[in-house]
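Residue numbers (the working numbering), protein chains in the order written: chain X, -5 to 179; chain S, 69 to 340. A virtual CB, placed ideally from N, CA and C, is assigned to each residue, including glycine. In what follows, a single structure is set out as structure tokens and then discussed.
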């Protein structure tokens, strides 16, 4: 393991995670029912990867994935939302030790914490950071950007609540529980 | 979708990092400025860049159509939410048309929305040119050259490498799950759609996590990350041209910001 740089596994996880994030954000759209808004499945993957690999991984996955998405749309990079997403990925990973997904210990208690964290992170990122940066960079009307931010936060939170939590449960179930071996007497 | 296209122009010959830095300077200026004069100059430079990079307009015209639609919606939304935003910004009020209720048409609002339009217009071309003229592997190596940690640069190159794989895998899983009766379109309820999405993502997550282990083990066995530096297959040294372009980018940024903020306000105000 390399102490100065990133752990190799984390680094590979960032690469692959960002690729999944990009594919989901760029090519997959599931109508949410509200016009012009789609369920963003990328958020679910981000929550899982940040939960497993930690805040730095979450941050870089969101940053690389979102920047690439914006670049390939050709609309220029929307730095205000990229930065908000980066902060979002970081926040999702802060308590990764508590979730115990890799150790097979993701149960009800962990799921509640996981979702409390993601809802707070959603509010900070999409109702706090993104609209404020939008106003700072683009001087757009406040009520418009806050409404957009609120919609994004709500949809993201719903996606992670259902899909993200299910993924974490599913993956954690396949992992061997730490300390599950017992000595036979 | 935008992708790298082989070419022989001088923009293609520049190192990826040079273009990325130029693009960063460019987007910082595009975000900070609301000065109409600066934005007009940037628009002119964009057209020039398109010309020298010999990007064929047919290759990217679909993006412009999408962009125009997006901009039209956004400009309309701005008007609906804040029809007096321009008045608030420029401090004067020249009514052109007395509309219904608060929806009047003022010269300030029109000018403000024209500026927003211009701002969107100058954000796009630099990104398009960066995408179309930069080879992905060369890009990762050149990021390392400008000081990005090589693990991070390598993660980016892994992303670019695995996007097609992940995309193909996602399609395969999605089709087979839909064949088993999972509905993702509007016909299903929101909850059903979310559940269906997890049924597709779950296999994708498992195979990806497995893939992460395979790749990282292989890299570990080959001693990745042992040394402080590494060489790159597609790396190329910076040339004089690269330095010149970087300098021009930095100069553009400084000059643009200076002109914008000289009067202590980021807006150019023709009304006073």
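Which residues of chain X have a Cβ atom closer than 7 Å to the Cβ of residue 234 of chain S, listed in chain order?
The sequence position of residue 234 of chain S within the second chain is 166, counting from 1. The answer, in chain order, is 13, 14 and 17.
With burial defined as no fewer than 16 other Cβ atoms inside 10 Å of the residue's Cβ, what is the status of residue 153 of chain S: buried or exposed?
Locating residue 153 of chain S in the second chain gives position 85, where the first residue counts as 1. Burial call: buried.
Check whether chain S comes within 8 Å of residue 48 of chain X, counting only Cβ atoms and requiring the distance to be less than that.
As a first step, residue 48 of chain X is located in the first chain; it is residue number 54 there, counting from the start. So, not an interface residue.
On a CA-only basis, which of X/148, X/171, X/155 and X/138 is nearest residue 145 of chain S? Give me that one, please.
For the purposes of this step, residue 145 of chain S is taken as the residue at position 77 of the second chain. Selected option, being the one with the closest Cα: X/138.
To the nearest whole angstrom, what separates the beta carbons of residue 74 of chain X and residue 105 of chain X, a pair I think is in contact under 8 Å?
The residue labelled residue 74 of chain X in the question sits at position 80 within the first chain. The residue labelled residue 105 of chain X in the question sits at position 111 within the first chain. Their Cβ separation, rounded to whole angstroms, is 31 Å, which puts residue 74 of chain X and residue 105 of chain X out of contact at 8 Å.
Residue 170 of chain X CB to nearest chain S CB: under 8 Å?
Counting from 1 along the first chain, the entry for residue 170 of chain X is found at position 176. By this cut-off, residue 170 of chain X is not an interface position.
Let's test the definition: count the other Cβ atoms within 10 Å of the Cβ of residue 134 of chain X and tell me whether it reaches 16, buried, or not, exposed.
Start at 1 with the first residue of the first chain, and residue 134 of chain X comes out as number 140. Buried: at least 16 other Cβ atoms inside 10 Å.
Does chain X have any CB closer than 8 Å to the CB of residue 317 of chain S?
Counted from its first residue, the second chain places residue 317 of chain S at position 249. No, residue 317 of chain S lies away from the interface with chain X (no Cβ there is under 8 Å from its Cβ).
Pop quiz: residue 119 of chain X and residue 129 of chain X are said to be a contact at Cβ under 8 Å. What is the actual Cβ separation, rounded to whole angstroms?
Here residue 119 of chain X refers to the residue found at position 125 of the first chain. Here residue 129 of chain X refers to the residue found at position 135 of the first chain. About 15 Å separates the two Cβ atoms, so there is no contact after all.
What do you reckon, are the CB atoms on residue 79 of chain X and residue 56 of chain X nearer than 8 Å?
If you number the first chain from 1, residue 79 of chain X lands on position 85. If you number the first chain from 1, residue 56 of chain X lands on position 62. Cβ atoms of residue 79 of chain X and residue 56 of chain X: closer than 8 Å.
DSSP-derived helix/strand/coil call for residue 188 of chain S:
Within the second chain, numbered from 1, the residue matching residue 188 of chain S stands at position 120. Here residue 188 of chain S sits in helix by DSSP.
Kindly list, in the order they appear in chain S, the residues whose Cβ is closer than 7 Å to that of residue 3 of chain X.
Walking along the first chain from the start, residue 3 of chain X turns up at place 9. Those are 280 and 284, listed as they occur along chain S.
Check the Cβ of residue 7 of chain X against every Cβ in chain S and list those closer than 7 Å, keeping chain order.
Walking along the first chain from the start, residue 7 of chain X turns up at place 13. By Cβ distance, chain S contributes 280.
Per-residue burial, residue 285 of chain S [other beta carbons within 10 Å of its own, 16 or more giving buried]
Taking the first residue of the second chain as position 1, residue 285 of chain S is located at position 217. Flag for residue 285 of chain S reads exposed.
For residue 144 of chain X, the three-state DSSP class (helix, strand or coil)
Here residue 144 of chain X is taken as the residue at index 150 of the first chain, counted from 1. DSSP places residue 144 of chain X in the helix class (H, G or I) of the three-state scheme.
List, in order along the chain, the chain S residues whose C-beta lies closer than 9 Å to that of residue 120 of chain X?
Sequence index remark: in the first chain, residue 120 of chain X carries index 126 (1-based). Correct list: empty, because the minimum Cβ distance to chain S is about 17 Å.
Buried versus exposed call for residue 326 of chain S [16 or more other C-beta atoms within 10 Å across all chains shown]
Mapped onto the second chain, residue 326 of chain S falls at position 258. Exposed, by the Cβ-count rule.
Pull out every residue of the stretch 148 to 168 of chain X whose Cβ sits closer than 8 Å to any Cβ of chain S, in chain order.
Listed by position along the chain: 152, 153, 156, 157, 160, 161, 164, 165 and 168.
What does the alpha-carbon distance come out to for the pair residue 159 of chain S and residue 108 of chain S?
Numbered from 1 along the second chain, position 91 holds the residue referred to as residue 159 of chain S. Numbered from 1 along the second chain, position 40 holds the residue referred to as residue 108 of chain S. C-alpha separation (whole angstroms): 23 Å.
In chain S, which residues lie less than 7 Å from residue 73 of chain X when you measure between Cβ atoms?
Position 79 of the first chain, counted from the start, is the residue given in the question as residue 73 of chain X. Correct list: 95 and 99.
Unbroken stretches of the beta strand (DSSP E), 3 residues or longer, contained in the stretch 216 to 247 of chain S
You should have found no qualifying run.
Between the stretch 34 to 54 of chain X and the stretch 77 to 93 of chain X, can you find at least three pairs of beta-carbon atoms closer than 8 Å?
yes
Residue burial classification, residue 177 of chain S (beta-carbon count within 10 angstroms, cutoff 16)
As a position in the second chain, residue 177 of chain S is number 109, starting the count at 1. Buried, by the Cβ-count rule.
Candidates S/265, S/71, S/114 and S/179: which alpha carbon is nearest residue 379 of chain S's?
Because chain S is modelled from 69 through 340, residue 379 of chain S falls outside the range shown and cannot be assessed.
Look at the alpha carbon of residue 114 of chain S and the alpha carbon of residue 71 of chain S, and state the distance between them as a whole number of angstroms.
Stepping through the second chain from its first residue, residue 114 of chain S is reached at position 46. Stepping through the second chain from its first residue, residue 71 of chain S is reached at position 3. Using only the alpha carbons, I get a separation of about 19 Å.
Rounding to the nearest angstrom, what Cα-Cα distance links residue 89 of chain S and residue 170 of chain X in this structure?
Here the question's residue 89 of chain S lines up with position 21 in the second chain. Here the question's residue 170 of chain X lines up with position 176 in the first chain. Going from the Cα of residue 89 of chain S to the Cα of residue 170 of chain X covers about 46 Å.
What residues in the stretch 155 to 168 of chain S bring their beta carbon closer than 8 Å to a beta carbon of chain X?
157
Does DSSP put residue 163 of chain S in a helix, a strand or coil?
Looking up residue 163 of chain S in the second chain gives position 95. Strand, per DSSP.
Using 8 Å as the threshold, is the C-beta distance between residue 95 of chain X and residue 158 of chain X below it?
Numbered from its first residue, the first chain carries residue 95 of chain X at position 101. Numbered from its first residue, the first chain carries residue 158 of chain X at position 164. It is not a contact, given that the beta carbons lie outside the stated cut-off.
On the three-state DSSP scale, how would you describe residue 170 of chain X?
Looking up residue 170 of chain X in the first chain gives position 176. Note: residue 170 of chain X maps to coil in three-state DSSP.
Give the DSSP bridge partners of residue 24 of chain X, in chain order.
Your numbering for residue 24 of chain X matches position 30 in the first chain. In DSSP, residue 24 of chain X forms a bridge with X/33.
Residue 335 of chain S bridges to which residues according to DSSP?
Position 267 of the second chain, counted from the first residue, corresponds to residue 335 of chain S. Per DSSP, S/102.
DSSP beta-bridge partners of residue 168 of chain S:
Your numbering for residue 168 of chain S matches position 100 in the second chain. Under DSSP, residue 168 of chain S takes part in a beta bridge, and its partners are S/171.
Run through DSSP, which three-state label would residue 161 of chain X get?
If you number the first chain from 1, residue 161 of chain X lands on position 167. In the structure shown, residue 161 of chain X sits in a helix (DSSP, three-state: H, G or I).
8 Å Cβ cutoff, residue 241 of chain S in contact with chain X:
Taking the second chain and counting its residues from 1, the one referred to as residue 241 of chain S is at position 173. By this cut-off, residue 241 of chain S is not an interface position.
Taking Cβ-Cβ distances below 8 Å as the criterion, which residues of the stretch 252 to 263 of chain S are in contact with chain X?
252, 253, 254, 258, 259, 261, 262 and 263
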